[in-house]
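One structure below.
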Amino acid sequence: MLFEKITYQDDFPINITIANIDEYPLHYHQDIEFVYVLKGEVRLKNGYCYYTLKEGDIFTNAGHEVHNLTSTGKDNVVALMQISTRHFSQYFPTLSRSCYRTYSNNPTSKKHDSLREKLLQILLHYSIKSFNYKSECTYLMVDVIKLLEKYFNLFAFEGNVVINFESSDLITVERISRIINYIYQYYAQRITLEDLAEIEHLSTFYLSHIIKNCTGMNFRDFLCFARVEWSEIELLDTDKKISQVARDVGFSTTAYYEKHFEKWFKRTPAEHRAHFRPLVKSELHPGSLKPIPVNRIIMLIKNPLSSLNYQRNHASLVNCLDLELDIDIHSKPITTIDHRLEVQVSAEDLCQMGSNLLTPLKSLLPSVVSILYSDDGQVKDAQDFASALQKDGFHAEAKKYAEGVLTSSYGNDSIAYPIYVFNRLLRSNEHWIHLRLRDPGRTSQMIKGFPAALTSCGIKKPVFYAYQVLSMVKGDIICWGKQYCVVRTSGADPSYVMIVSNFNDEIYSLCAQKSTAHQVRNALNDFKDETNYNVSLNLEPGMYSVMKYTFTKDRNVFAYMSALDFTDDESALGPAPALIATEPDLDIYVEDVRTTFNINFSLKGAGIQIAFIRRKGGSI
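For what it's worth, our numbering labels the leading residue of the sequence shown as 393, then goes sequentially.
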């Protein structure tokens, strides 16, 4: 069969094959496919075009394009990556109609290098089966499609091949992109230049000029090309008469169809069918792909990736990620979250804070408060305080605890720790969270790098608010990516919680390894990337309240101590350090939803935004 059905794992919307290709027979599929040549070269037929793809070349096949791969006689290693249009259309609604062209006669441009780097990262995660590799590959593929949307959604004709069209005129790029997508969507219908001119609010003369300038042919010839290209599927996959194929793709006469088909394919439709049908993929003609040892694959991926990373690290660029997300609130749960917080209070905490412990404890909403004691002399005080907490409505208990050495990493005092906590716990099956309430040791040392919610003198660290959210929010995760998560809370009238973060791998790892205060400061200051999400939720009509919290690297105890170059002077923050502002910025408003609820998240540098969305009168 000419049509190749691609099967994906339930939790992985990408299908990857890395092999030496002798022959991959003619076929087409509904989903987009990347052909990435890691070594050598390979011959590709795509529609009427023939390409010799060399090492480093990337070719993108659209869903309807008939194509095959054959060896040129030289050794090759080729990565084939197919992506589930159904899955990724939730982020890119026009994906199924898109036609990207990544092949270029200038393959060393920055945009091509960015595409190579993302695809190589996917291949590396997949090949070494790194921790959480399926999620990492999926997140990276969103970035890949974003690049395709921005730089590779146009094509032009150059001789006997179709290549990526490059232009700095963004207005023209947007217009011709809409025109091409429209023609490829409605090719079988009657389309006129006047129709397109009306849609684009342009004169027919000016629109004709744009099409000619960008594609190299006039509107009528381009429409006929699109129809001819689509007709190849019916020619090779059905026994329909040529006249019927002509009518199906929109030609008024068979002669007109044959004229244009022969112009591009250099054969009549009947000759094309006779020549290529024996080359179609089938059970009798499955092709020949030889598997490659994993260690060789990893080497072939790492070498060019190292080169691209070197170039990127020596260029002062600020990356900006812009995404449109359409969230179906009725989506099946990806997983359920129901975190329960055990807050651990030590004898030293009781001595230093006394009844002042009650306020942060109540804010954290713990399921259990454990009063820790390490020797028999502390038992009675621990039991008395546990009894007092029980009278105040807490579930509290005294617990013997062997004091150990806490691992110190100054990322734990900064915005890096809530980023780490959210991304680790929202993707794990852990239900119980064990949290030390306060840093041990002298109160004059403001930050110590310990994983606790408060500093020694009781100042709330950024992670305090992360644990507060995790203990409060219970429900189903219905959508997530590397930097965002959407939760539908439990109950008859559910509310919705969105958590969006902006970070890179270096910031994420600050809390997973021993990091000095200066290392943390440098990593946070060097990270200047921007993230922008425009999110739509198909909420029922009504009035909704929105509470959006913003956490940045600046409004917290680590930032204040960083400004003082991490001095140990106990008077550095004034006589009342507990009064310094550490709360996130808060934006509250009411939205009247008539059709779709829209919300924007925007972060520059490391940070987190959390939005609580609920129908007025409902509850989180």
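All C-beta atoms, glycine included, are put in the ideal place defined by N, C-alpha and C.
CB of residue i within 8 Å of CB of residue j, strictly
i: D423; j: I398; result: yes
i: S800; j: K906; result: yes
i: N468; j: E433; result: yes
i: F480; j: L487; result: yes
i: L628; j: V458; result: yes
i: V813; j: V771; result: no
i: P810; j: A411; result: no
i: R834; j: A844; result: no
i: E396; j: T462; result: no
i: I869; j: L818; result: yes
i: Q381; j: H517; result: Because residue 381 is not part of the residues shown, which for the chain are 393 to 1012, the question remains open.
i: I575; j: L615; result: yes
i: E734; j: P758; result: yes
i: L418; j: V429; result: no
i: I693; j: L512; result: yes
i: L764; j: K791; result: yes
i: C606; j: I563; result: no
i: L599; j: T923; result: no
i: F950; j: I839; result: yes
i: R732; j: W872; result: no
i: D403; j: K526; result: yes
i: Y995; j: V892; result: Before going further, note that residue 995 is Leu rather than Tyr in the sequence given. In contact: L995 and V892 (Cβ atoms closer than 8 Å).
Integer Cβ distance of residue i from residue j, believed to fall under 8 Å
i: I807; j: G999; result: 6 Å
i: E626; j: V637; result: 5 Å
i: R508; j: L700; result: 6 Å
i: Y876; j: Y925; result: 6 Å
i: P886; j: E740; result: The Cβ separation is near 42 Å, so there is no contact.
i: G803; j: L902; result: 3 Å
i: Y888; j: I726; result: Contact doesn't hold; Cβ gap of about 14 Å is too wide.
i: F611; j: L585; result: 5 Å
i: L742; j: D773; result: 7 Å
i: N948; j: K853; result: 7 Å
i: F643; j: R659; result: Actually they do not touch by this definition, with Cβ atoms about 17 Å apart.
i: I603; j: I583; result: Contact doesn't hold; Cβ gap of about 12 Å is too wide.
i: K538; j: L681; result: With a Cβ gap of about 30 Å, K538 and L681 do not count as contacting.
i: A915; j: E898; result: 5 Å
i: D535; j: K503; result: In fact, because the Cβ distance is near 13 Å, the residues do not count as touching under 8 Å.
i: S941; j: L978; result: Ser is not the amino acid found at residue 941; the sequence shown has Tyr there. About 6 Å separates the two Cβ atoms, so the contact holds.
i: Y857; j: P752; result: No, Y857 and P752 are not in contact; Cβ-Cβ is about 11 Å, not under 8 Å.
i: S519; j: V737; result: Actually they do not touch by this definition, with Cβ atoms about 47 Å apart.
Close beta carbons around residue i, own chain, < 8 Å, minus the five adjacent residues each side
i: N896; result: F919 and D921
i: Y981; result: S937 and V938
i: F544; result: T452, Y492, R493, T494, K503, L507 and N556
i: T342; result: As shown, the chain starts at 393 and ends at 1012. That puts residue 342 outside it, with no answer to give.
i: F617; result: M609, H652 and W656
Contacting residues, own chain, Cβ-Cβ under 6 Å from residue i (five flanking each side not counted)
i: F786; result: V761
i: M890; result: V878 and A1003
i: N453; result: E425 and H459
i: S623; result: V637 and V641
i: L709; result: For L709, the predicted model reports a pLDDT of 49, less than 50, meaning its position is unreliable; a value from the coordinates is still stated below. Same-chain partners within the cutoff: there are none.
i: H677; result: P417
i: K1008; result: M935 and S937
i: F993; result: V892, Y925 and Q1001
Same chain only: Cβ atoms within 7 Å of residue i, ignoring 5 sequence neighbours per side
i: K866; result: I729, D730, T881 and S882
i: Q482; result: D718
i: Q401; result: none
i: E621; result: G439
i: F668; result: L418 and L628
i: L781; result: V761 and A788
i: D805; result: I839, G841, K853, V949 and F950
Beta carbon proximity, residue i to chain B, threshold 8 Å
i: P854; result: The structure shown has no chain B; it contains just one protein chain.
request  = Could you tell me whether the segment 923 to 937 touches the segment 720 to 727, where touching means 3 or more Cβ pairs closer than 8 Å?
outcome  = Judged by Cβ distances under 8 Å, the segment 923 to 937 makes contact with the segment 720 to 727, as three or more pairs qualify.
message = Which complete alpha helix (DSSP H) runs does the segment 419 to 503 hold, if anything under 4 residues is left out?
response = Correct list: 477 to 480.
task = Kindly confirm or deny that the segment 813 to 826 and the segment 861 to 872 touch, where touching means at least three C-beta pairs closer than 8 Å.
result = Contact between the segment 813 to 826 and the segment 861 to 872 is present, because at least three Cβ pairs lie under 8 Å.
query = Pairing CB atoms from the segment 577 to 594 with CB atoms from the segment 490 to 497, are three or more of them under 8 Å?
reply = The segment 577 to 594 vs the segment 490 to 497: no contact.
ask   = Just checking, does the segment 839 to 850 make contact with the segment 932 to 948 on the three C-beta pairs under 8 Å criterion?
value = With the cut-off at 8 Å, the segment 839 to 850 and the segment 932 to 948 do not touch.
key: Runs of alpha helix (DSSP H) wholly within the segment 869 to 938 (minimum 4 residues, chain order)   = Segments of the alpha helix (DSSP H) lying fully in the segment 869 to 938: 897 to 901 and 909 to 918.
Beta strand (DSSP E) runs contained entirely in the segment 741 to 769, provided each spans 3 or more residues = Fully contained in the segment 741 to 769 are the following beta strand (DSSP E) runs of length 3 or more, in chain order: 760 to 765.
task = Starting from the N-terminal side, write out each stretch of the alpha helix (DSSP H) that is 4 residues or longer and does not extend beyond the segment 630 to 718.
result = 634 to 640, 646 to 657, 661 to 668 and 686 to 705, all fully within the segment 630 to 718.
task = Counting only runs of 4+ residues fully inside the segment 799 to 870, write out the alpha helix (DSSP H) ranges in chain order.
result = The DSSP assignment places 808 to 817 and 854 to 864 as complete runs of the alpha helix (DSSP H) inside the segment 799 to 870, in order along the chain (cut-off: 4 residues).
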